[in-house]
Amino acid sequence: MKTNLFANHEQALKFRALRNQVLSSNIANADTPNYKARDIDFGSALEKAQGGALSITKTSDLHQSSWNTNRLGAQVKYRVPMQPTLDGNTVETDVEQAAFAENAVQYRATLAFLDGQIRTLRYALKGGD
Amino acid sequence: MSLFKVFDVAGTAMNAQSVRMNVTASNLANAGSVSGDADNVYRARHPVFASFGDTLAEQTGVSGVKLNGVIESNAPLQVHYRPDHPDADEDGNVYVSNVNTIEEMVNMMSASRSYQNNVEMINTTKDLLLQTLSLGR
């Protein structure tokens with residue numbers, strides 16, 4: 210109960226925040242020549258969050274845990290553009306905007322789940338009402 | 696909190712777009728300006744954008760926009776034969792600036808749209824952050 214209280218929602222929130230950052234970089238660089246649009250692979254982040262195959266086994270307490278720069282170990286990958294551009298920029302603003310909106314909604318959903326969990330806990334602590 | 700970085704990224708982009716807007720305004724204001732000396736004619740200016748920040752290898756995938764200077768267009772100048780013009784050279788020619796008004800209008804619209812996109816991005820992220828702050832209330 211204690212360890213599973215927030216399930217994977219905490220990781221999910223981090224993932225959504227990170228993806229928000231990456232997508233915002235894409236939209237910000239919509240007019241930058243040679244900028245390549247990026248996105249995070251959800252599958253790899255999920256695998257990592259669930260302690261996937263790539264995690265490091267610690268044999269001593271002194272060992273550092275595997276720590277990637279984006280903390281989630283999620284892979285940032287280049288997007289394959291649907292239409293070529295003359296300046297080498299692969300940002301498709303509408304695609305990015307759609308992804309950004311979707312990500313924001315997912316972030317809100319995760320927040321709602323967390324909120325529900327916290328409410329449940331408070332309800333239990335107060336003994337109802 | 697990584698969401699805060701969005702403000703930095705969008706801020707750099709908005710700065711870059713506003714420079715682009717200023718340059719466009721300057722170009723449009725000087726469209727059609729003439730001179731008798733080909734070296735002194737106003738030439739269209741264009742900002743050069745570049746991204747900076749983390750590389751893909753660093754896995755964060757976050758980069759802002761920086762301005763890599765403003766370049767002058769080397770499109771050919773228009774030469775008009777107007778011997779009555781006070782600025783005409785000894786051959787009676789004046790040189791007209793190479794600003795392409797249509798191109799500049801398109802640039803202006805594009806800059807304005809990109810700026811709006813960044814503002815929207817900031818608003819959405821701000822909402823998300825505020826919602827996160829009120830978690831569990």
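Taken in sequence, the protein lines are chains A and B. For the first sequence, our numbering begins at 210 and goes up steadily by one. For the second sequence, our numbering begins at 696 and goes up steadily by one. In this text, a Cβ means the ideal position worked out from N, Cα and C, and glycines have one as well.
**Prompt:** What are the residues of the stretch 218-241 of chain A that lie near chain B, defined by any Cβ-Cβ distance shorter than 7 Å?
**Reply:** 226, 227, 229, 230, 231, 233, 234, 236, 237, 238, 239, 240 and 241
**Request:** Decide yes or no for the touch test of the stretch 303-314 of chain A against the stretch 226-233 of chain A: beta carbon pairs closer than 8 Å, at least 3 of them.
**Result:** yes
**Asked** What residues in its chain sit with their C-beta under 6 Å from that of residue 284 of chain A, if we drop five residues either side in the sequence?
**Response** The sequence position of residue 284 of chain A within the first sequence is 75, counting from 1. Closer than 6 Å at Cβ, skipping near neighbours: 250 and 253.
**Asked** residue 328 of chain A to residue 822 of chain B, Cα distance in whole Å?
**Response** Taking the first sequence and counting its residues from 1, one reaches residue 328 of chain A at position 119. Taking the second sequence and counting its residues from 1, one reaches residue 822 of chain B at position 127. Computed Cα separation, rounded: 21 Å.
**Prompt:** Nearest chain A C-beta to residue 759 of chain B closer than 8 Å, yes or no?
**Reply:** Taking the second sequence and counting its residues from 1, one reaches residue 759 of chain B at position 64. True, the Cβ-Cβ gap to chain A drops below 8 Å.
**Asked** Taking the C-alpha atoms as reference points, what is the distance between residue 210 of chain A and residue 319 of chain A?
**Response** Against the first sequence, residue 210 of chain A aligns to sequence position 1. Against the first sequence, residue 319 of chain A aligns to sequence position 110. In this predicted model, residue 210 of chain A has a pLDDT of only 48, less than 50, meaning its place in the structure is not dependable enough to derive any value.
**Item:** Backbone secondary structure at residue 793 of chain B - three-state DSSP
**Value:** To locate residue 793 of chain B, count along the second sequence from 1; it is residue 98. Of the three classes helix, strand and coil, the one that applies to residue 793 of chain B here is coil, per DSSP.
**Request:** Go to residue 227 of chain A, then tell me how far its alpha helix (DSSP H) extends in each direction, as first and last residue.
**Result:** Locating residue 227 of chain A in the first sequence gives position 18, where the first residue counts as 1. Start and end: 218-237.
**Asked** How far does the beta strand (DSSP E) with residue 773 of chain B in it reach, from first residue to last?
**Response** Residue mapping note: residue 773 of chain B aligns to position 78 of the second sequence, counting from 1. First-last of the beta strand (DSSP E) with residue 773 of chain B: 773-776.
**Request:** Examine chain A for any beta-carbon lying closer than 8 Å to the beta-carbon of residue 698 of chain B, and answer yes or no.
**Result:** Numbered from its first residue, the second sequence carries residue 698 of chain B at position 3. So, interface residue.
**Distance, residue 291 of chain A Cα to residue 239 of chain A Cα** = In the first sequence, residue 239 of chain A corresponds to position 30, counting from 1. In the first sequence, residue 291 of chain A corresponds to position 82, counting from 1. The alpha-carbon atoms of residue 239 of chain A and residue 291 of chain A are separated by roughly 15 Å.
**Prompt:** What number of angstroms, rounded off, separates the C-alpha of residue 333 of chain A from the C-alpha of residue 326 of chain A?
**Reply:** Residue mapping note: residue 333 of chain A aligns to position 124 of the first sequence, counting from 1. Residue mapping note: residue 326 of chain A aligns to position 117 of the first sequence, counting from 1. Whole-angstrom Cα-Cα distance: 11 Å.
**Three-state secondary structure (DSSP) of residue 341 of chain A** = In the structure as shown, chain A starts at 210 and stops at 338, and residue 341 of chain A therefore has no counterpart that could be examined.
**Asked** How would you label residue 712 of chain B, buried or exposed, when you count the other beta carbons within 10 angstroms and need 16 or more for buried?
**Response** Sequence index remark: in the second sequence, residue 712 of chain B carries index 17 (1-based). Residue 712 of chain B comes out buried.
**Asked** In chain order, what residues of the same chain have a beta carbon less than 8 Å from the beta carbon of residue 795 of chain B, not counting five sequence neighbours either side?
**Response** Residue 795 of chain B sits at position 100 when you count from the first residue of the second sequence. Answer for residue 795 of chain B: 739 and 770, listed in chain order.
**Prompt:** Can a CB atom of chain B be found closer than 8 Å to the CB of residue 329 of chain A?
**Reply:** Position 120 of the first sequence holds residue 329 of chain A. Chain B, which has no Cβ nearer than 8 Å to the Cβ of residue 329 of chain A, makes this no.
**Asked** Which runs of the beta strand (DSSP E) spanning at least 3 residues fall entirely within the stretch 710-739 of chain B, listed in chain order?
**Response** none
**Prompt:** Under 8 Å between C-beta atoms, does residue 302 of chain A make it to chain B?
**Reply:** Counting from one through the first sequence, the residue named residue 302 of chain A turns up at place 93. Answer yes: the Cβ-Cβ gap between residue 302 of chain A and chain B drops below 8 Å somewhere.
**Message:** So for residue 271 of chain A, helix, strand or coil by DSSP?
**Reply:** Within the first sequence, residue 271 of chain A is the residue found at index 62, counting from 1. Three-state DSSP puts residue 271 of chain A in coil, outside helix and strand.
**Prompt:** Can you name the residues that DSSP bridges to residue 741 of chain B?
**Reply:** Position 46 of the second sequence holds residue 741 of chain B. The partner list for residue 741 of chain B (beta bridge, DSSP) reads B/766.
**Buried versus exposed call for residue 720 of chain B [16 or more other C-beta atoms within 10 Å across all chains shown]** = For the purposes of this step, residue 720 of chain B is taken as the residue at position 25 of the second sequence. Per the 10 Å Cβ criterion, exposed.
**Item:** chain A contact residues for residue 809 of chain B, given Cβ-Cβ distances below 9 Å
**Value:** The residue labelled residue 809 of chain B in the question sits at position 114 within the second sequence. Neighbours of residue 809 of chain B on chain A, chain order: 236, 237, 239, 240 and 302.
**Request:** Starting from residue 759 of chain B, follow its DSSP beta bridges and name the residues at the other end.
**Result:** As a first step, residue 759 of chain B is located in the second sequence; it is residue number 64 there, counting from the start. DSSP output for residue 759 of chain B lists B/747 as bridge partner(s).
**Prompt:** What does a CB cutoff of less than 7 Å around residue 322 of chain A pick up in its chain, not counting 5 residues either side in sequence?
**Reply:** Here residue 322 of chain A refers to the residue found at position 113 when the first sequence is read from its first residue. Answer for residue 322 of chain A: 218, listed in chain order.
**Asked** What does residue 313 of chain A touch in chain B if you count any residue whose Cβ is under 7 Å from its own?
**Response** In the first sequence, counting from the first residue as 1, residue 313 of chain A sits at position 104. Within 7 Å Cβ-Cβ: 819 and 823.
**Request:** From the DSSP output, in three-state form, read off residue 788 of chain B for me.
**Result:** By 1-based counting over the second sequence, the position of residue 788 of chain B is 93. Looking at residue 788 of chain B - three-state DSSP - the assignment turns out to be strand.
**Prompt:** Quick one: does residue 704 of chain B have its CB under 8 Å from some CB of chain A?
**Reply:** The residue you call residue 704 of chain B lines up with position 9 of the second sequence. It does; some Cβ of chain A falls within 8 Å.
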